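Chains as they are written, first to last, in my numbering: chain A, 284 to 639; chain B, 4 to 125.
Encoded structure:
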């Protein structure tokens, strides 16, 4: 059985079902009704559930629970310093670190928080927060957000984070110092004479290949890229896609040459291209892309799939793929995108999908 | 620099009454003997150990809410943001008058902390 955590504008939905049956999943729990759930995961080591919840009244926070249908407890420390000019708005992602008890949270305005007690208390990464360029950081349409955290398997010191719209930041000392990793990224939304050296780089999603950690894949705001040097430099791999715009990305952990994206029309009309819902996959590091659309709506389907709303389960040819749209529809595949089935229809607008 | 203590306990726009007394704490002036009753609803009530009413000492709304957070740490960040301001979509009423964090609180005042109708998600 597969359990999906679906964060929506109207709370967290926990779905359970079997991809092999290709039948809709059951809703086994709903938490935080009426509140926006930006993101939710189940920690693979502790089994504890974490949810980023933004109350329209009481602000954003990370909640955690051992049972998503049971009691959730608020965690503490996710706040900017009292004397700073920033106020926490959203928590975009939560990610286990590479050491026991270590976790990360990426937030808006763009910042990184870390926890060493399995997500109960959090502390701001000061080195990134105190970057001298911070006053000039520009937001993307979704806000100034740190949404991607790529750890290095087995090495807690090495981190890469992606910020919309301040590019890639790299650390090799567990976040004590940071440097840019933006070589080769081309921001098509800026005039050509404004691109050189700009920090206005709108990363949409970024993933590291666990079997070849120096390789990262990225969905950019107009571009899909690959890095073979740990995020120092990037090469465009968008040729062959119907559009180089999109938000989420998934990789197969067993295949460093893999990436899966969901192209959208462009940065204004953020819907599936030609009214057809298509996932595109590569298994040759971006040299070629294959449309994976069997079972997905192919007519008059104008969906928007947000950056955290695509995930996978397992690996290889039997890898499960799941994504949700702002239409409230969730789709799944039990054969790495070879065929798709409707997991659930008419949920609230989907912000995130994670396999627990 | 030591700042003056808050004005005597008084909800915004209300008539004055006898002031409470004050002592100087680490973070400034703290009311003494200025006990207010804070009324909470879910989810704040649940975070305050299920208490719908909490008696809190404080001369201003900010003091009362900070003391509420100190006593019930699970409430931290829910009503006041990291800068000590009442969140935009939270309303605080003292004796029936809507106030912000700098308003004074009379001894015996009733403080309601409520979600505003503006804060619901679309």
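Every residue, glycine too, gets a C-beta built ideally from N, C-alpha and C. Note that the coordinates shown come from a computational prediction; the quantities given were computed from them, not determined experimentally.
Fill in: Interface residues of chain A facing residue 119 of chain B [CB-CB closer than 8 Å]
Chain-ordered, the chain A residues with CB closer than 8 Å to the CB of residue 119 of chain B read 340.
Worksheet item: Does the beta carbon of residue 370 of chain A come closer than 8 Å to any beta carbon on chain B?
Response: yes
Worksheet item: Under the three-state reduction of DSSP, which class applies to residue 107 of chain B: helix, strand or coil?
Response: Note: residue 107 of chain B maps to strand in three-state DSSP.
Worksheet item: Hey, residue 595 of chain A and residue 511 of chain A are a contact pair by Cβ (cut 8 Å); roughly how many whole angstroms apart?
Response: The Cβ separation is near 22 Å, so there is no contact.
Worksheet entry | Identity of the residue in A/635, A/607 and A/473 nearest residue 627 of chain A by Cα | The option with the nearest alpha carbon to residue 627 of chain A is A/607.
Item to complete: Taking the CB atoms as reference points, tell me whether residue 428 of chain A and residue 375 of chain A lie closer together than 8 Å.
Response: yes
Fill in: Of the listed residues A/411, A/513, A/488 and A/515, nearest to residue 504 of chain A (C-alpha basis)
Per the C-alpha coordinates, the member of A/411, A/513, A/488 and A/515 positioned closest to residue 504 of chain A is A/488.
Discussion item. Checking 8 Å against the spacing of the C-beta atoms, do residue 495 of chain A and residue 434 of chain A come in under that value?
Written reply: no
Discussion item. Could you check whether the Cβ of residue 321 of chain A sits closer than 8 Å to any Cβ belonging to chain B?
Written reply: no
Practice prompt. Answer with buried or exposed for residue 392 of chain A, where buried requires no fewer than 16 other C-beta atoms within 10 angstroms of its C-beta.
Written response: buried
Item to complete: Compare the beta carbon distance of residue 411 of chain A and residue 458 of chain A with 8 Å and say whether it is the shorter of the two.
Response: yes
Item to complete: Could you have a look at residue 412 of chain A and say whether DSSP puts it in helix, strand or coil?
Response: Reduced to three states, the DSSP call for residue 412 of chain A is helix.
Discussion item. So, with DSSP's three-state summary, where would you put residue 314 of chain A?
Written reply: strand
Item to complete: Using a Cβ-Cβ cut-off of less than 7 Å, give me the residues of the stretch 405-422 of chain A that come near chain B, in sequence order.
Response: none
Worksheet item: Using a Cβ-Cβ distance under 8 Å, would residue 359 of chain A count as near chain B?
Response: yes
Worksheet item: So with Cβ pairs under 8 Å, would you call residue 66 of chain B a contact of chain A?
Response: no
Practice prompt. Anything in the stretch 80-110 of chain B with a Cβ closer than 8 Å to a Cβ of chain A? List those residues in chain order, please.
Written response: 80, 81, 82, 84, 85, 86, 87, 90, 92 and 93
Worksheet item: Are the stretch 70-87 of chain B and the stretch 338-352 of chain A touching by the rule of at least three beta carbon pairs closer than 8 Å?
Response: yes
Discussion item. I want to see whether chain B comes within less than 8 Å of residue 363 of chain A, judged by CB atoms only; does it?
Written reply: yes
Item to complete: Indicate the three-state DSSP secondary structure (helix, strand or coil) for residue 288 of chain A in the structure shown.
Response: strand
Worksheet item: Of all Cβ atoms in chain A, is any one closer than 8 Å to the Cβ of residue 77 of chain B?
Response: yes
Item to complete: List the residues of chain B that residue 566 of chain A touches, going by C-beta distances under 8 Å, in chain order.
Response: Under the 8 Å cutoff, chain B gives no residues; its nearest Cβ is about 40 Å from residue 566 of chain A.
Item to complete: Inspect the CB distances between the stretch 438-449 of chain A and the stretch 379-389 of chain A and report whether three or more fall short of 8 Å.
Response: Touching, yes, given that three or more Cβ pairs across the two stretches are closer than 8 Å.
Discussion item. Please tell me whether residue 344 of chain A has its Cβ less than 8 Å away from any Cβ of chain B.
Written reply: Yes, residue 344 of chain A counts as interfacial toward chain B.
Item to complete: Please classify residue 22 of chain B: is it buried, with 16 or more other beta-carbons within 10 angstroms of its beta-carbon, or exposed?
Response: Interpretation of residue 22 of chain B is limited by its pLDDT of 33, a score under 50 that renders its predicted location unreliable; the figure taken from the coordinates is listed afterwards. The residue in question, residue 22 of chain B, is buried, as its Cβ has 16 or more Cβ neighbours within 10 Å.
Worksheet item: The beta strand (DSSP E) spanning residue 49 of chain B covers which residue range?
Response: In the DSSP annotation of this structure, residue 49 of chain B is not part of any beta strand (DSSP E); the continuous alpha helix (DSSP H) holding it starts and ends at 47-50.
Worksheet item: Mind checking residue 555 of chain A: buried by the 16 CB within 10 Å criterion, or exposed?
Response: buried
Item to complete: Could you spell out where the alpha helix (DSSP H) holding residue 347 of chain A opens and where it closes?
Response: Unbroken run through residue 347 of chain A is the beta strand (DSSP E), 342-348; no alpha helix (DSSP H).
Discussion item. Could you compute how far the alpha carbon of residue 395 of chain A sits from the alpha carbon of residue 86 of chain B?
Written reply: Cα to Cα, residue 395 of chain A sits roughly 19 Å from residue 86 of chain B.
Worksheet item: In chain order, which alpha helix (DSSP H) runs of at least 4 residues are fully inside the stretch 435-459 of chain A?
Response: none
Worksheet item: Does the separation of the CB atoms of residue 500 of chain A and residue 486 of chain A fall below 8 Å?
Response: Remark: C-beta atoms of residue 500 of chain A and residue 486 of chain A do not approach each other more closely than 8 Å.
Discussion item. Quick check for students: name the residue ranges of the beta strand (DSSP E) that lie wholly in the stretch 552-609 of chain A, counting only runs of 3 or more.
Written reply: 562-565, 573-575, 593-596 and 603-607
Discussion item. Do residue 619 of chain A and residue 600 of chain A count as a contact pair if the criterion is CB distance below 8 Å?
Written reply: yes
Fill in: Nearest-angstrom Cβ-Cβ length linking residue 255 of chain A and residue 491 of chain A, presumed shorter than 8 Å
An answer regarding residue 255 of chain A cannot be provided, because it is not within the stretch 284 to 639 covered by chain A.
Item to complete: Report the residue from A/461, A/305 and A/483 whose alpha carbon sits nearest the alpha carbon of residue 471 of chain A.
Response: A/483
Worksheet item: Cβ of residue 112 of chain B less than 8 Å from any chain A Cβ?
Response: no
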